[in-house]
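The next block holds one structure in the form of structure tokens; read it before the comments.
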Amino acid sequence: MCKSAIKASKISESPWTILKLIEWTTSYFDSHKIEGARASAEILLANALGLNRIDLYLRYDQPLSRQELSIFKTLIKRRIKREPVAYIIGNKEFWSMDLDVTKDVLIPRPDTECLVEQALTYVPGKNSNTIWKILDLGTGSGAIILSMATQRPQHRYFASDRSEKALGIAVGNAKKYYLSDTILFFAGDWFNPIKNNIHDFDMILSNPPYIPNQVIAELEPEIALYEPRIALDGGKDGLDCLRLIINQAPSFLKPAGFLILELGYDQKQKVSEIVYNCSKYDSIRIVKDYSGHDRVAIMKTIN
Ligand code: GLN
Numbered sequence: 000m001c002k003s004a005i006k007a008s009k010i011s012e013s014p015w016t017i018l019k020l021i022e023w024t025t026s027y028f029d030s031h032k033i034e035g036a037r038a039s040a041e042i043l044l045a046n047a048l049g050l051n052r053i054d055l056y057l058r059y060d061q062p063l064s065r066q067e068l069s070i071f072k073t074l075i076k077r078r079i080k081r082e083p084v085a086y087i088i089g090n091k092e093f094w095s096m097d098l099d100v101t102k103d104v105l106i107p108r109p110d111t112e113c114l115v116e117q118a119l120t121y122v123p124g125k126n127s128n129t130i131w132k133i134l135d136l137g138t139g140s141g142a143i144i145l146s147m148a149t150q151r152p153q154h155r156y157f158a159s160d161r162s163e164k165a166l167g168i169a170v171g172n173a174k175k176y177y178l179s180d181t182i183l184f185f186a187g188d189w190f191n192p193i194k195n196n197i198h199d200f201d202m203i204l205s206n207p208p209y210i211p212n213q214v215i216a217e218l219e220p221e222i223a224l225y226e227p228r229i230a231l232d233g234g235k236d237g238l239d240c241l242r243l244i245i246n247q248a249p250s251f252l253k254p255a256g257f258l259i260l261e262l263g264y265d266q267k268q269k270v271s272e273i274v275y276n277c278s279k280y281d282s283i284r285i286v287k288d289y290s291g292h293d294r295v296a297i298m299k300t301i302n
């Protein structure tokens, strides 16, 4: 923005009210082809004012102070450079939780809620005495493991990430939702931190990096410029991490244990081949996400 616009407002003696700013920012974002312009404008303004988004509707005529305007202006500038709203405000809703996120973690996606939904259909519910061991590999913000642990608190949860910074975010999120005693976090690459320790997980979950490395630069700038490359980059064909997890998971799972993975919309065939070639699974099922793309693979080890 915004200097000239703000000055113009002063000259005309009409103050920048909440409504006026939402409208101005929406069309400014639109002109820069920012997706969800109005929602972005409202979320950023609410954040600048320390309000909930819904509070804005009750205060449309409230004028902003010079200081509030200047804070908001900084946020607008960041969004114009295509920084995702979640990184600007430092949180993202996932499974009705408000998770802290920084540039060290992938922003949790609604697609990943499908993985959680699928996983929950297999995990014993509150009325069962069975206690499962459940592991999340590459936990990032902790989105998957926290959702599971809030829904099925009686089980034992484990989560790893090779990025210590990411792990710090996940640990903080677990604390926020009083799950510090329920989830054990490990630092390290895939199965390395648990090697030789636990061989009887009932379920292993992961949303690993699965974008082919050549494709990353072609993604929207919000992703390509801001999200952590190690959370996206799945190697030349995008399948490096999926391949590793599918091949190693059977050594850490019980017989008839579950491996549930998120995958790219066009990776069903290749993932199925990896699973058949591994010959330690007796089934694979692929489930679509809410947009109709193949997204979640559910595998069961041989009994
Ligand atoms: N498990 C985290 C999520 O789904 C992080 C995934 C990743 O970094 N690839 O949001």
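In numbering that gives the first Met the number 0, the protein residues as written are 0 to 302. Glycine included, every Cβ here is placed at the ideal spot set by N, Cα and C. Remember, predicted model here, so these are calculated numbers, not experimental data.
Check                                                                                                                                                                 : Outcome
Could you tell me which of Y225, N302, R294 and Y264 sits nearest to K253, measuring between CA atoms?                                                                : N302
Less than 8 Å between C-beta atoms, sequence neighbours within five positions excluded: which residues of the same chain meet that for M147?                          : V115, A118, L119, V122, I133, D135, H154, Y156 and L204
When you compare each of V270, N276, G291 and F200 to I297 by their alpha carbons, which one comes out closest?                                                       : V270
Hey, out of E219, K267, L218 and L224, whose CA is closest to R242's CA?                                                                                              : K267
What does a CB cutoff of less than 6 Å around T129 pick up in its chain, not counting 5 residues either side in sequence?                                             : P123
Cβ atoms of V100 and S162: under 9 Å apart, would you say?                                                                                                            : no
Determine contact between the stretch 225-235 and the stretch 168-175, defined as no fewer than three beta-carbon pairs at a distance below 8 Å.                      : no
Quick check on R151: buried or exposed, where buried means 16 or more other Cβ atoms within 10 Å of its Cβ?                                                           : buried
Report the residue ranges of all beta strand (DSSP E) runs contained in full by the stretch 124-173; include only those spanning at least 3 residues, in chain order. : 132-136 and 155-160
What is the DSSP secondary structure of I10, reduced to helix, strand or coil?                                                                                        : Here the model assigns I10 a pLDDT of 44, short of 50, so the residue's position is not dependable and the matter cannot be decided.
With respect to the alpha helix (DSSP H) encompassing L18, which residues constitute its N-terminal and C-terminal limits?                                            : I17 to S30
Going by C-alpha to C-alpha distance, which of A47, E82 and D54 sits closest to E326?                                                                                 : Here the chain covers residues 0 to 302 and nothing more, so residue 326 does not appear.
Return the CA-CA distance between C240 and S13, expressed in angstroms with no decimal places.                                                                        : 57 Å
Could you tell me whether any non-hydrogen atom of the ligand GLN is closer than 8 Å to the CB of E261?                                                               : yes
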